[in-house]
Amino acid sequence: MIEHYKAARAELTAPGAQFALTRTNVRGVDILTFAAAPPHMRVLWELSAGHGDKDYIVYEDERYTFNEIHAQVRKLAAYLVAHGAHRGTRVALAMRNYPEWVVGYWATVSIGAAVVGMNAWWTAPEMEYALNDSDPVVFIGDDERLERLSQVPERPGMHVIAVRSDRPLPANSATWSDVMSTTDPGSLPNVDIDPDDDATIFYTSGTTGFPKGAQLTHRGSVTNILNIVAMTSTVALAEQKAIAAGDVEAPTSVPAPRPPVFFAPTPLFHVTACNCILHPATLSGATLVMMYKWDPGRALELIEREKVTTFSGVPTMSREMLNHPDWSKRDTSSVQGMGGGGAAVQPDLVKKIAG
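Numbered as in my numbering, the sequence shown ends at 440 without a single skipped number.
The structure is reproduced here in structure tokens:
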């Protein structure tokens, strides 16, 4: 099978092919890049507008279409620019996996500012450290994170947007409702974005010292998405070649295609959920399912209700679902793939998933 994979990869990355490769000088370093890669994440976000009235975000019992989220992104992008966010600045996102996180993400990268993914589990001192380190001009946070922010020395130059919170706010603040009550500008602000500008800053866990902000550029983020698509396409083509060569038996039946529905159970402030789930879901027009907090029973309920096709979390999550008493009671037949990151997937878990 490996020879068919190599042949498929060579075919798909050849000059003029869908995933043709080229050499690009990036800040003095010659690297391999996709020849037809979009220059930055804003282009990918604008492409997703073509998905229109398809469901984009399902959060618990809330539903939002691509059109609805695009309208929210346009409003927030204009608001951020009016409050000092622009290319070279940073916007902090500090909240659970709420739909507002997704809106904040796309609005920020679309104006050339960098998203600072604040760890939602941080204590007030840890939050203070990251704010001093990243120096965001805008902080978008939910009620729990705002409570911790209140314990941090005031940052006069930082504008605060409160998400799903009724707590009293300082003068330089607004509620999410305030932002969403503004007029839809109909388009994103005109900005220049360099492929090698920072798109996101995600922090390490800081187990041996202070957390370190890992900077991901637009080029790197776009390349990651294309790597995922290229890998999937290569595997599919390799299978076709193996069947044609008689090395693999053709399937006797092909299941009817299902609308793609991705489950994002891990925090969006890490690359697994953001770069490896949110990004591909957005580009492909998939529905993204999110939940208030991890609960295997609730996850199984959402998988059945939303007909989830792709689940990707840490291996422990898959094991907890497989061992849950509701596993045999819930219809999980829609699931076509279960993946994981953050830890090795144990061999026995692979067998259980395959079985």
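Glycine included, each C-beta is placed from N, C-alpha and C at the ideal position. Only a predicted model underlies this, so the values are computations on that prediction, with no experimental measurement involved.
DSSP state of residue i mapped onto helix, strand, coil
| i | result |
| --- | --- |
| Y214 | helix |
| T357 | helix |
| V131 | Reading off the sequence, residue 131 comes out as Glu, not Val. Looking at E131 - three-state DSSP - the assignment turns out to be helix. |
| D411 | coil |
| R175 | strand |
| S250 | coil |
| T107 | strand |
| Y183 | coil |
| T395 | strand |
| V430 | coil |
| M406 | helix |
| L273 | coil |
| M423 | strand |
| I310 | helix |
| I225 | strand |
| S418 | coil |
| H364 | helix |
| V245 | strand |
| S338 | coil |
Rounded separation between residue i and residue j - CA only
| i | j | result |
| --- | --- | --- |
| R175 | P336 | 50 Å |
| I328 | H89 | 10 Å |
| R181 | A256 | 24 Å |
| G294 | N360 | 25 Å |
| V170 | E386 | Reading off the sequence shown, one finds Ala at residue 170, where the question assumed Val. Distance between the alpha carbons of A170 and E386: 40 Å. |
| S338 | D411 | 29 Å |
| R343 | T372 | 12 Å |
| A199 | A321 | 35 Å |
| G424 | N309 | 16 Å |
| E239 | H155 | 32 Å |
| A120 | T109 | 9 Å |
| A95 | G101 | 12 Å |
| E131 | P270 | 15 Å |
| P345 | M126 | 21 Å |
| V201 | A330 | 49 Å |
| W206 | F354 | 11 Å |
| A179 | D332 | 51 Å |
| T98 | A105 | 4 Å |
| T357 | R233 | 25 Å |
| T260 | A247 | 5 Å |
| L129 | F347 | 18 Å |
| H409 | G382 | 7 Å |
Residue of the options minimising C-alpha distance to residue i
| i | options | result |
| --- | --- | --- |
| G189 | T150, N204, W206 and L165 | L165 |
| D218 | G298, G305 and V430 | G298 |
| K139 | S369, V435, H168 and A199 | S369 |
| R415 | E389, V435, P210 and D433 | E389 |
| Y141 | V420, S133 and T150 | T150 |
| L231 | K326, G242, P124 and T208 | T208 |
| R148 | P381, M376 and K436 | M376 |
| L434 | V158, S418, P400 and A366 | P400 |
| Q103 | V114, D115, P123 and T267 | P123 |
| H136 | H244, H364 and N152 | N152 |
| Y144 | Y288, A428 and P184 | P184 |
| P340 | A330, T394, N312 and F347 | T394 |
| M316 | R383, P296 and P365 | P365 |
| Q300 | I286, L234 and P241 | I286 |
| R249 | D227, G291 and M86 | D227 |
| S397 | M203, E334 and V430 | V430 |
| P210 | T268, S235 and G197 | S235 |
| A439 | G427, A192 and R404 | R404 |
| V158 | R172, D146 and I196 | I196 |
| G426 | P350, D380 and T417 | P350 |
Residue i: first and last residue of the uninterrupted alpha helix (DSSP H) it sits in
| i | result |
| --- | --- |
| S262 | W261 to M265 |
| G382 | P381 to E391 |
| A284 | A284 -> not in any alpha helix (DSSP H); beta strand (DSSP E) instead, spanning D283 to Y288. |
| I87 | I87 to L97 |
| P292 | For the record, residue 292 in the displayed sequence is Thr; it is not Pro. Note, T292: premise wrong, no alpha helix (DSSP H); not H, not E. |
Beta strand (DSSP E) segment containing residue i, residue limits
| i | result |
| --- | --- |
| L373 | T372 to M375 |
| A199 | A199 to G202 |
| E299 | For the sequence presented, residue 299 should be read as Ala rather than Glu. Its beta strand (DSSP E) spans residues G298 to T302. |
| E147 | E147 to T150 |
| D228 | Per DSSP, D228 belongs to no beta strand (DSSP E); it is in the alpha helix (DSSP H), D228 to L234. |
| T118 | V114 to F119 |
| V143 | D140 to Y144 |
| V346 | V346 to F348 |
Expected contact under 8 Å - CB spacing of residue i and residue j to nearest Å
| i | j | result |
| --- | --- | --- |
| T302 | D282 | 6 Å |
| L407 | V264 | That belief does not hold up - the Cβ atoms of L407 and V264 are roughly 41 Å apart, past 8 Å. |
| V223 | H168 | 6 Å |
| S413 | K392 | At roughly 18 Å, the Cβ-Cβ gap does not stay under 8 Å, so S413 and K392 are not in contact. |
| A134 | P274 | About 16 Å; that fails the 8 Å criterion. |
| A177 | L216 | 7 Å |
| V187 | L363 | 7 Å |
Residue i: CB within 7 Å of a non-hydrogen atom of the ligand MN
| i | result |
| --- | --- |
| M406 | The ligand content of the structure shown is nil, which means the ligand MN is not present either. |
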